[in-house]
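Heads up, the thing below is written out as structure tokens.
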Amino acid sequence: MPADHRSKSKKTVDKNSNEYRVRRERNNIAVRKSRDKAKQRNVETQQKVLELTTDNERLRKRVEQLTRELETLRGIFRQLPESSLVKAMGSCA
2 MPADHRSKSK KTVDKNSNEY RVRRERNNIA VRKSRDKAKQ RNVETQQKVL
52 ELTTDNERLR KRVEQLTREL ETLRGIFRQL PESSLVKAMG SCA
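Quick note on numbering: the sequence shown equals residues 2 to 94 in our numbering.
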């Protein structure tokens, strides 16, 4: 006989036997449990997506705010006379 395990024929199981019913019930429970876990993971993933989307939007708004603030400060900085810049830099040292 070849060593290939796939060529083995499966043991025939009487579908009316108690053993078959027990195995089917165990399998049905396992399948239900697996599907419930998958659904729960999906719910958790969707919640995480919403949370990250909210955080992302908040951070985008913060970046916009800081960009506007930076532009305002650059405009103010450009308007300062050069002599006051030298004084300001000298007081920092």
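In this text, a Cβ means the ideal position worked out from N, Cα and C, and glycines have one as well.
Rounded straight-line distance, which links the Cα of residue j to that of residue i
i: N17; j: R36; result: 27 Å
i: R24; j: K38; result: 21 Å
i: N43; j: N19; result: 36 Å
i: V1; j: R59; result: Summary: the structure shown does not reach residue 1, with the chain confined to residues 2 through 94, and so no result is reported for it.
i: R22; j: T46; result: 36 Å
Extent of the continuous alpha helix (DSSP H) run through residue i
i: S35; result: 19–80
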